[in-house]
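Student:
Number of protein chains: 2
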Amino acid sequence: MLFKKSYQSKKKGSRARLGEINTAYGTIKTPSFVAVGTKGTVKSLLPSLLKEIGTQVVFVNTYHLVTHPGVEVIEKAGGIHHYANLSLPLMSDSGGFQVFSLARNKKQNDSLKLKINQERENLKEKLAVIKISDDGVKFRSVFDGTVLEFTPEKSIEYQKKIGADIMMAFDECISYGVSYQYAKEATERTHRWLQRCIDQNQKLKIKNQDEDPRLKTHQCLYGVIQGGVFEDLRKRSAKFVVSQKIDGVAIGGLSVGESKREMRDQVAWVSPFLPDDRPVHLLGVGEFDDILDLVKYGIDTFDCVEPTRKARMGVLFELKVKSKKFKLEWKEVDILKGMYRNDLSKVDENCICFVCQNFTKSYLHHLFKNRELLAYTLATYHNLFVMERFFDWIRKMILEDLI
Amino acid sequence: MLFKKSYQSKKKGSRARLGEINTAYGTIKTPSFVAVGTKGTVKSLLPSLLKEIGTQVVFVNTYHLVTHPGVEVIEKAGGIHHYANLSLPLMSDSGGFQVFSLARNKKQNDSLKLKINQERENLKEKLAVIKISDDGVKFRSVFDGTVLEFTPEKSIEYQKKIGADIMMAFDECISYGVSYQYAKEATERTHRWLQRCIDQNQKLKIKNQDEDPRLKTHQCLYGVIQGGVFEDLRKRSAKFVVSQKIDGVAIGGLSVGESKREMRDQVAWVSPFLPDDRPVHLLGVGEFDDILDLVKYGIDTFDCVEPTRKARMGVLFELKVKSKKFKLEWKEVDILKGMYRNDLSKVDENCICFVCQNFTKSYLHHLFKNRELLAYTLATYHNLFVMERFFDWIRKMILEDLI
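Heads up: the protein sequence lines correspond to chains F and D, in order. So in this note's numbering, the last spot in the first sequence is 403, and the numbers never skip. So in this note's numbering, the last spot in the second sequence is 403, and the numbers never skip.
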């Protein structure tokens, strides 16, 4: 069984729970953070460091891997676990989020062409979309000009080749600010696509089993709840998705421009409909305050670029815990500030991570000021370590019925 | 005793030898490669990886560390070993090489100003020189505008604060193409400076011992042979430097524009005068063919940026050894080439390093194409590993009297 709930919080109104997601590459104790490894690498970290940190699961992006190096070579290597030497549970997304960002940006191409000086990479990507239909999106790879296509069937096929333990159904990520009517149509489209993904997954599973009974059968599929900022659409979507034959549920289309209040409402609305026996993932959300607030709605896993992206900008987390009261406090240290040049204290006095045990603020400041590559490794290590310890506390708090 | 010779090659005319350099931070089996860690980090590598690779000694640059973070904070941290968590033998240079590159470039400032589009960092550095005298060089730090000074006394003071196990005397690195007269004057200046460095080192040693008998006394000092491309100046310099009360000898002013043939001649000229009982370092030289050719002149250690710099450009070493005949062959793999995108073979089929055991050419190509930070770590690891294995073979060949 993929998911096993081990404890249900007794706090009034709370759906928070402890559990385990069991995959062929190990068990994820939930609630858990999902570190982002977009292109098949958690930026700047050797896989062995993820083990040291205690990272339980890593997220990879199908769109990026399809674009480069292509899914064929990943499949030939035995899947992304082997290709990237990531021997831990992996999740892949459907490509939908990136593909629809491209599609949206295509409409703005004319104005974009004027902004020729903006980040060239971005522009090239935006101009690379060829055709958007109800069926999916066609676009030209910026790497070699190959025409690539994302449809529900293609997305599953790509994800099967990538071989992550948890796959996402292809969905339309609804922009913030669209009309009710558009959100309704997009949500219904996502539902139709979910059914096509389930069919395709079943078809490929049978095909793989015919070839080799061990092959790729470990992969499970999550359906994605959409509905935009509209309560009835969100609820309807939750009911529909949860009713399908899927292994888990994800909530998508969050953090696309709405306020934190709105984002949290969207999770609260669907909470009563979330499954008790299957895992629930929140796509693209996972700042400290989000996690602390959203776990109570029954969320098991959170992927978020924040700890790793901020690390590369020199923003280091500090976590303070008053353990008797379970009071969690967090702060950010901007290590590039001049005041740290001569500061020989640890980044986080309470942190027992390898970085805090061996390096000072002054050394990290020195590395960042000189854009030394080691800076990014040390900062990423530390921030992900803090996230894991934060989740240790979250799980303890659930066990104490405090969440 | 700093240096202990353990074997002298019996090959006719060879001065090649096996030995050990004993430092407070460990023993260096010679001949040895010295990995370059300019700013107190071997770019992209955690210190623990250096242990895995078998790196024996790391080179840090005084000029860069004086500029940022400053030697005071390094001293406050207990020296560079502690500051950078580098728990292995370290060498520092005198700053002379960089300081005189600045000085030379100052003369070209007017033409430089026209090339405003060239690498900005470089330009800023070049414009920062204030005054050059027989005593040393004054310049303005590009980091915070502080006026910094390099003189023989200052260089030793800086290096004492940095705290590397092996220090270099302050020398003038003679440009390629200068007149005999200029080279003669510069060489004599280097000799006068050597005596001032020895005095300053003695003075500070006594001072430190008064404060704390354990403090910084482990540091030893090498004198630097100069003389440019002129045989008599080189020989005279060798004789003078070796006659001084110093712990080791370095040969400087190589690879500054002359041909490989000329560079090797310069080493050959001084070879008969090199000490038998003290270690000999070759500054800034260490490509495969150089090492194989120059070990026979009695060189014990070589520092060179090539393996690490090439790694960051995606150029990976391949080493092939026909072990019965001790025939060493090397090749370079330009991993950015499109042909590697689908190549699931190892970077070097004969290599047992962590990178070759766990990753393929395709994955490395993918990381480099996407400028993923992990690319630089893996490539640097591999190239330094190959260099260590290359030196294993060099030492075996000496023991077999083949060099």
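We put the CB at the ideal spot given by N, CA and C, even for glycine.
Can you find a C-beta in chain F that's less than 8 Å from the C-beta of D:Val73?
Tutor: Cβ-Cβ to chain F under 8 Å: yes for D:Val73.
Student: Do D:Tyr381 and D:Val355 have their beta-carbon atoms positioned less than 8 Å apart in this structure?
Tutor: A contact, by the Cβ cut-off of 8 Å.
Student: For D:Asn109 and chain F, any beta-carbon pair shorter than 8 Å?
Tutor: Since pLDDT at D:Asn109 reaches only 43, below the 50 mark, its modelled position is unreliable, and no value is offered.
Student: Kindly indicate if chain D contains any beta-carbon less than 8 Å away from that of F:His191.
Tutor: No - not a single Cβ of chain D is within 8 Å of the one on F:His191.
Student: Is D:Tyr25 helix, strand or coil by DSSP?
Tutor: Three-state result, D:Tyr25: coil.
Student: Measure from the C-beta of D:Tyr363 to each C-beta in chain F and report whether the shortest distance is under 8 Å.
Tutor: D:Tyr363 counts as touching chain F.
Student: Please compile the residues from chain D whose C-beta is within a distance smaller than 8 Å of the C-beta of F:Tyr83.
Tutor: Near F:Tyr83 (Cβ distances below 8 Å), the residues of chain D are Thr360, Ser362, Tyr363.
Student: Distance, Cα to Cα, F:Asn22 vs D:Gly79?
Tutor: Going by the C-alpha atoms only, they are around 48 Å apart.
Student: Can you name the residues of chain D whose CB is closer than 7 Å to the CB of F:His68?
Tutor: Those within 7 Å of F:His68 in chain D are His366, Lys369, Asn370.
Student: Applying the criterion that 16 or more other CB atoms from any shown protein chain within 10 Å of the CB defines a buried residue, is F:Glu72 buried or exposed?
Tutor: It is exposed - the Cβ of F:Glu72 has fewer than 16 other Cβ atoms within 10 Å.
Student: Note down, in chain order, each residue of its chain lying with its Cβ closer than 8 Å to the Cβ of F:Leu294, except the 5 sequence neighbours on either side.
Tutor: Counting only Cβ-Cβ distances below 8 Å, and skipping sequence neighbours, we find Arg264, Val267, Leu282, Val285, Phe302.
Student: Answer with yes or no whether the minimum CB distance from D:Leu86 to chain F is below 8 Å.
Tutor: Chain F contact via Cβ: absent.
Student: With 8 Å set as the bound, which would you pick, yes or no: does the beta-carbon of F:Thr41 sit closer than that to a beta-carbon of chain D?
Tutor: By this cut-off, F:Thr41 is an interface position.
Student: For D:Asn350, return the contacting residues in chain F, with the cut-off set at a CB-CB distance below 7 Å.
Tutor: Chain F residues near D:Asn350: none, gap ~20 Å exceeds 7 Å.
Student: Which class does F:Lys362 belong to by DSSP, given the choice of helix, strand or coil?
Tutor: Before going on, a small fix: residue 362 of chain F reads as Ser here, not Lys. Correct three-state label for F:Ser362: helix.
Student: Just confirm the distance between the C-beta atoms of D:Val58 and D:Val42, as a whole number of angstroms; I'd bet it's less than 8 Å.
Tutor: Rounded, the Cβ-Cβ distance is 6 Å, consistent with contact.
Student: Within this structure, are the beta carbons of F:Met167 and F:Leu204 separated by less than 8 Å?
Tutor: Not closer than 8 Å, so no.
Student: Which ranges does the alpha helix (DSSP H) cover as unbroken runs of at least 4 residues, wholly within the segment 325-403 of chain F, from first to last along the chain?
Tutor: Within the segment 325-403 of chain F, the complete alpha helix (DSSP H) runs of at least 4 residues are 354-358, 361-369, 373-399.
Student: For the segment 291-314 of chain F, which residues have a CB atom closer than 7 Å to at least one CB atom of chain D, in sequence order?
Tutor: Listed by position, the residues of the segment 291-314 of chain F near chain D (Cβ gap below 7 Å) amount to none.
Student: Give the DSSP-derived three-state secondary structure of D:Phe230 in the structure shown.
Tutor: D:Phe230 falls in the coil class under three-state DSSP.
Student: Below 7 Å on C-beta distance, what does D:Tyr7 contact in chain F?
Tutor: Residues of chain F passing the Cβ test: none, with the nearest at roughly 37 Å.
Student: Which word fits F:Tyr180, buried or exposed, when buried means at least 16 other C-beta atoms lie within 10 angstroms of its C-beta?
Tutor: Flag for F:Tyr180 reads exposed.
Student: Would you call the segment 323-331 of chain D and the segment 305-313 of chain D in contact, with 3 or more CB pairs under 8 Å?
Tutor: Contact between the segment 323-331 of chain D and the segment 305-313 of chain D is absent, because fewer than three Cβ pairs lie under 8 Å.
Student: Assign F:Arg264 to one of three DSSP states: helix, strand, or coil.
Tutor: Of the three classes helix, strand and coil, the one that applies to F:Arg264 here is helix, per DSSP.
Student: Helix, strand or coil for D:Leu114 per DSSP?
Tutor: Annotation note: pLDDT 39 at D:Leu114 (below 50); position unreliable, coordinate value reported separately. If DSSP states are grouped into helix, strand and coil, D:Leu114 belongs with the helices.
Student: Given a threshold of 16 other Cβ atoms within 10 Å of its Cβ, counted over all protein chains shown, does D:Gln202 qualify as buried or as exposed?
Tutor: It counts as exposed.
Student: Could you give the distance in angstroms between the alpha-carbon of F:Leu123 and the alpha-carbon of F:Thr190?
Tutor: For F:Leu123, the pLDDT reaches just 47, beneath the cut-off of 50, and the residue's location in the model is therefore unreliable, although a value from the coordinates is still provided. Using only the alpha carbons, I get a separation of about 27 Å.
Student: Measuring only between beta-carbons, confirm whether F:Lys76 sits less than 8 Å from chain D.
Tutor: So, interface residue.
Student: Expressed to the nearest angstrom, what Euclidean distance is found between the alpha-carbon atoms of D:Ser44 and D:Leu328?
Tutor: Answer to the nearest angstrom: the Cα atoms are 28 Å apart.
Student: Just curious, the alpha helix (DSSP H) that D:Lys320 is in, first and last residue?
Tutor: Segment 315-322 is the beta strand (DSSP E) holding D:Lys320; no alpha helix (DSSP H) there.
Student: With burial defined as no fewer than 16 other Cβ atoms inside 10 Å of the residue's Cβ, what is the status of F:Asp290: buried or exposed?
Tutor: With 16 or more Cβ atoms within 10 Å of its Cβ, F:Asp290 is classed as buried.
Student: Going along chain D, which residues have a C-beta under 7 Å from F:Ser44?
Tutor: Leu373, Leu374, listed in chain order.
Student: What is the residue span of the beta strand (DSSP E) that F:Glu153 lies within?
Tutor: Premise fails: F:Glu153 lies in the alpha helix (DSSP H), 152-162, not in any beta strand (DSSP E).
Student: Taking only beta-carbon positions, decide if D:Arg278 is within less than 8 Å of chain F.
Tutor: Chain F contact via Cβ: absent.
Student: So, with DSSP's three-state summary, where would you put F:Leu86?
Tutor: Of the three classes helix, strand and coil, the one that applies to F:Leu86 here is coil, per DSSP.
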